[in-house]
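Written below as structure tokens is the structure these notes are about.
Structure (structure tokens):
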């Protein structure tokens, strides 16, 4: 084997480990987040936006009651939502009131 071929397995291992570690923070962050309905602006939701939509970025209006964004755990119900019955984001989808 050449010197270069000895380095290939080590390089492959380094790449694999690097990829594994870059996914850990996202998983850890999800535990510190809540799905907050009614706080996303038009086209800025993370997912769930009702019938006729696919997912992220598909909300049709600001503060859509069935579209959510991930927010820091514990802040959802403190975040303003102009269409929510309580005036704040909700942890479940809701029917919008007139803004």
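Numbering (our numbering), first residue to last: 9 to 107. All C-beta atoms in this analysis are idealised placements derived from N, C-alpha and C, irrespective of residue type, glycine included.
1. I'd like to check one pair, residue 73 with residue 91: are the Cβ atoms closer than 7 Å?
2. Kindly indicate the opening and closing residues of the beta strand (DSSP E) around residue 77.
3. Classify residue 39 as buried or exposed, calling it buried when 16 or more other Cβ atoms lie within 10 Å of its own Cβ.
4. Identify the residues that DSSP records as bridge partners of residue 104: which are they?
5. Just how far apart, CA to CA, sit residue 81 and residue 41?
Considering the structure as presented:
1. yes
2. 75-80
3. exposed
4. BP columns for residue 104 are empty, so no partner.
5. 4 Å
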